[in-house]
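Following: one structure in structure tokens, then a few remarks.
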Amino acid sequence: MICWKCHERLSSLRCASCGALVPPPAQPELFGALGLDRRYHVEAEAIDGAWRRRSKDTHPDRFAASSAVERRMALQWTATLNEARRVLRDPVARAWYLATGKPHPAESGGPKLSPEFLEEIFELRMAADDEPDAVRDTAAKLRARLDADLEDLFSRWERGEGDLSPVPERLSRLKYVDNLLRELPA
Amino acid sequence: MSNIGIDLGTTNSLVAVVMGGRARCLLDDDGRAILPSAVRYTAEGPVVGYAALDDAAGHAATTLTSVKRFMGRSMDEARSEAAQLHYELAPPDDASEEKVVRMAVGERLVTPIEVSAEILKALKERAEECLLGGVGGAVITVPAYFDDAQRQATRDAGRLAGLNVLRLLNEPTAAAIAYGLQERSQGTFAIYDLGGGTFDISILRLEDGVFQVLSTAGDTHLGGDDFDRLIAERLLNEAGVVGARGGALRGAMEAAESAKRALTDAESTEVVAQLGEVSATFTLSRDTLNTLIRPLVDRTLTACQQALSDAQLTAAQIDGVVLVGGSTRVPLVRQVVEAFFGRVPFSDIDPDQVVAVGAAMQADILSGESELSEDVLLMDVVPLSLGLETMGGVVEKLIWRCSPIPSSASQTFTTHVDGQTAVSIHVVQGEREMARDNRSLARFKLGGIPPMPAGLPRVEVQFLVDANGILTVTATEQYTGKQSNIEIVPSYGLTDEQIEEMLESSIDAAETDVDERLLVEAKVEAEQILRAVEKALSSDADMVQEDELGSIQAVVAELKSAIDAQERKKVNDLSKKLDEVTAPFAQRRIERDLQLALRGQSALEVADRLDRSNV
Ligand SMILES: [Zn+2]
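Which chain is which? The protein sequence lines are A and B, in order. What the first sequence shows, in this note's numbering, is residues 72 to 257, in sequence order. What the second sequence shows, in this note's numbering, is residues 21 to 635, in sequence order.
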């Protein structure tokens with residue numbers, strides 16, 4: 072990539088020879104914004120490290136003496152990096168983002184869940200007051216199974232096998248189970 | 021040109037600058053660094069600082085102090101505060117004036133922004149006398165918890181004083197920079213700031229040269245003045261004076277303050293108090309002082325505990341404690357803080373000056389020609405969540421409290437009635453569930469939506485918080501791809517027009533300030549239009565006619581060169597022209613979308629498709 076201002080070759084977001092910033096993308100891909108590969112398996116420390124490295128190049132404080140246009144680019148870049156860090160650090164948001172391009176389910180509520188699953192959750196809810204421990208146990212097992220399922224889907228996808236189309240349905244189930252767990256009496 | 025750092029405090033203000041690689045506070049003719057944050061309005065004009073405090077009792081009605089408490093507040097919020105001071109708040113003439121606090125001083129009305137601007141002007145003049153090369157930009161500090169309105173008010177005061185405000189910096193962050201904490205590779209620090217009338221505790225985290233404010237807590241009505249009041253009460257008690265007022269009370273307060281100061285080093289002190297007609301001599305020991313103020317000092321620890329739990333930390337996890345504010349000189353305060361955090365606090369730098377020193381260092385780094393380390397980054401956070409009022413008055417948060425800034429978020433709205441052409445948007449700041457319980461930042465109406473079936477228009481509202489913590493809201497109607505007539509009526513503080521009037525009527529403010537700001541605004545708007553047009557051209561290239569494309573591109577090119585040439589009027593005119601030449605194209609896009617809708621697709625599917633084309 073070439074610097075838009077001085078046409079030198081770039082090695083980071085900020086040109087080493089003239090200090091100009093790469094123009095921010097209008098609809099940024101969040102992994103790309105941080106310079107990370109699109110993977111589900113990424114450590115929080117790796118995200119934080121990338122975020123700090125890039126923020127140091129893009130932060131508006133670095134452009135206090137620059138033109139208004141460049142200051143605005145710096146502002147947009149840094150806001151994007153902060154958004155990318157927030158979304159990608161959260162495993163559920165990261166999974167939604169990889170599968171759908173959005174960090175959360177669509178406003179219409181996401182994928183339809185099977186009546187059997189909804190029935191199961193309903194039964195567990197009904198039983199929650201009388202036998203909270205047993206319900207917690209069952210819900211925890213459900214969650215572990217969903218986790219393993221997602222883990223498997225993402226691992227295969229990262230090896231270039233299969234796709235992520237079943238992910239939204241699993242994530243929607245996960246949300247039901249998590250809500251149930253959260254509402255259980257302590 | 022040198023950049024300056026300013027601590028604009030509730031009780032005292034200071035200005036500092038980096039000279040020869042070291043930051044130092046600039047002194048007045050009498051060798052004092054502190055400028056009391058007091059302004060007296062006289063027939064000859066405003067008097068600032070110590071001069072304003074001389075015989076303040078004799079001019080109570082025209083001497084304004086502690087105006088920082090009113091910055092960015094509405095009349096309603098200010099009333100309870102004013103009751104504790106000696107202020108005459110001017111009754112609002114009409115509902116629109118309810119938004120801004122005005123104080124009556126003699127014949128005239130002044131806003132807290134104008135009073136703060138007088139303080140800033142005095143500091144600027146001091147800097148101009150000291151700096152041969154003149155004053156460049158300024159960094160002004162604000163409490164970490166200051167909300168959007170308070171930050172805007174501070175920035176406006178700077179503008180009104182003729183300062184080029186480079187950055188608003190959180191006070192605790194400034195204190196941390198002053199101690200060079202950024203030179204460590206990492207750590208978690210507590211900044212304990214006990215001033216004359218306010219207490220703040222902030223927890224900062226430093227990692228790889230990036231500072232983040234993790235949490236803040238405090239008490240806006242707790243400070244060294246309260247210590248004085250307790251000592252004075254005791255003096256009056258011992259002297260058998262009941263219900264002391266006026267001269268007697270003032271004499272007791274003065275004696276109390278000097279006793280407190282003496283007890284910083286001495287174990288016991290003797291003071292003579294002039295209680296009206298009579299004078300009396302008192303002996304006060306440090307032990308007695310400690311017993312008196314202990315409950316107040318303990319209250320600061322409650323706030324410290326709160327800040328630690330908000331940051332999910334324990335006192336033992338704090339790597340360093342910084343003392344800020346004159347009241348941290350009191351030995352009991354130091355002991356209690358040391359015991360609470362289990363370590364000796366940093367106190368090498370004068371606690372009154374530490375914030376200004378840090379601000380000057382940051383100002384120097386922003387110049388880009390600093391001898392100081394440039395490898396540090398000050399990432400502040402949003403002090404309170406920002407959101408929008410939705411159906412039923414419930415708040416939907418878009419940017420959460422403690423998110424690092426700059427930060428952006430967006431939300432899409434639609435219409436609820438067929439043919440609806442406007443949507444009202446209410447922006448609030450705060451943590452409460454209901455909009456009415458939070459601070460109202462702005463209400464605006466997005467008009468000019470083309471008449472469509474309900475649920476079809478897509479209005480995207482974007483929040484952008486800059487590095488100063490100041491919010492900008494823009495709304496875009498997605499069908500036309502352009503920013504429709506957004507009318508922003510701030511529901512707090514001063515409107516831009518009011519600020520502009522003040523700027524124009526202010527002799528000190530250079531005319532170029534106004535021109536420059538108008539140019540920036542014109543350019544920002546033009547860039548937004550350009551972006552929208554370019555986006556529409558790339559996503560719907562098939563819908564542009566060839567001759568039309570030529571004329572659009574010609575205007576785009578002209579507008580871009582006008583932006584580069586910084587020609588404000590031309591930028592404005594060409595922005596309008598671009599709007600006009602793209603109107604038929606925008607109209608065709610709307611019609612196409614409506615036809616799709618009529619062809620049996622649901623509004624939702626059309627909207628989904630539009631969403632995708634915008635990704
Ligand atoms: Zn370059």
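Virtual Cβ for every residue (Gly too), placed ideally from N, Cα, C.
Considering only the alpha carbon of each residue, which of the options lies closest to residue i?
i      : options                        : result
F219/B : M454/B, D318/B, A574/B         : D318/B
L55/B  : V159/B, D372/B, V291/B         : D372/B
V481/B : I490/B, L214/B, A474/B, A495/B : A495/B
H112/A : C77/A, P239/A, L169/A          : L169/A
P66/B  : R128/B, M39/B, E97/B           : R128/B
F483/B : T441/B, W420/B, R456/B         : W420/B
E287/B : F166/B, T303/B, S405/B         : T303/B
G153/B : F209/B, Y499/B, S22/B, R179/B  : S22/B
S430/B : I445/B, R270/B, D438/B, R175/B : I445/B
L217/A : L255/A, A166/A, D201/A, P174/A : A166/A
A63/B  : P132/B, T83/B, V544/B          : T83/B
I211/B : E253/B, L321/B, L143/B, A268/B : L321/B
I425/B : L255/B, Q440/B, G346/B, L398/B : L398/B
G238/B : V87/B, M472/B, V601/B, L328/B  : L328/B
Just the C-alpha distance for residue i and residue j, rounded to the nearest angstrom, thanks.
i      : j      : result
V374/B : A53/B  : 12 Å
V37/B  : R44/B  : 6 Å
G69/B  : D49/B  : 12 Å
N505/B : G243/B : Because the pLDDT at N505/B is just 42, under 50, the model does not fix this residue reliably, and the value given afterwards should be weighed accordingly. Going by the C-alpha atoms only, they are around 48 Å apart.
L34/B  : L46/B  : 8 Å
R253/A : A574/B : 59 Å
V509/B : A71/B  : For V509/B, the predicted structure reports a pLDDT of 41, less than 50, and the residue's modelled location is therefore unreliable. A value from the coordinates is still provided. Going from the Cα of V509/B to the Cα of A71/B covers about 39 Å.
I221/B : S305/B : 29 Å
P239/A : E190/A : 19 Å
E141/A : Q332/B : 37 Å
V635/B : T171/A : Low per-residue confidence applies at V635/B: pLDDT is 29, beneath 50, and the placement is therefore not dependable, though the value from the model is reported in the following sentence. The straight-line gap from Cα to Cα measures roughly 12 Å.
G475/B : T434/B : 5 Å
D245/B : T149/A : 42 Å
M72/A  : R85/A  : 11 Å
Y107/B : M123/B : 7 Å
F134/A : L386/B : 8 Å
V16/A  : C74/A  : What the structure shows of chain A is the stretch from 72 to 257, and residue 16/A is not part of that stretch, so it cannot be assessed.
If you count every other CB in all the chains shown that lies within 10 Å of the CB of residue i, and 16 or more means buried, which is it?
i      : result
A530/B : Legend: pLDDT at A530/B = 43, less than 50; position of this residue unreliable, value from coordinates given subsequently. With fewer than 16 Cβ atoms within 10 Å of its Cβ, A530/B is classed as exposed.
Q565/B : exposed
P95/A  : buried
V401/B : buried
H436/B : exposed
G217/B : buried
A603/B : exposed
K280/B : buried
T85/B  : buried
F464/B : buried
T301/B : exposed
G29/B  : buried
E507/B : Per-residue confidence for E507/B stands at a pLDDT of 39, beneath the threshold of 50, marking its modelled position as unreliable; the derived number appears in the next sentence. Exposed: under 16 other Cβ atoms inside 10 Å.
F193/A : exposed
Q382/B : buried
Is it true that the CB of residue j sits closer than 8 Å to the CB of residue i?
i      : j      : result
V576/B : L550/B : yes
A379/B : G25/B  : yes
V443/B : L461/B : no
V59/B  : E149/B : no
A264/B : A272/B : yes
R171/B : N488/B : yes
A546/B : I572/B : no
R93/B  : V121/B : yes
T193/B : F166/B : no
T129/A : A145/A : yes
L656/B : G178/B : Outside the shown range of chain B (21 to 635) lies residue 656/B, about which nothing can therefore be said.
L101/A : V158/A : yes
G233/A : L224/A : yes
A195/B : V344/B : yes
G106/A : A91/A  : no
R225/B : T236/B : no
Of all the beta strand (DSSP E) runs that stay within the bounds of the stretch 65-115 of chain B, which reach a length of 3 or more residues?
DSSP runs (the beta strand (DSSP E)) wholly in the stretch 65-115 of chain B: 65-68, 83-85.
Where in the stretch 309-344 of chain B do unbroken runs of the beta strand (DSSP E), each at least 3 residues long, occur, reported from the N-terminal end onward?
Every beta strand (DSSP E) of 3 residues or more that sits fully in the stretch 309-344 of chain B is shown, in chain order, as 340-344.
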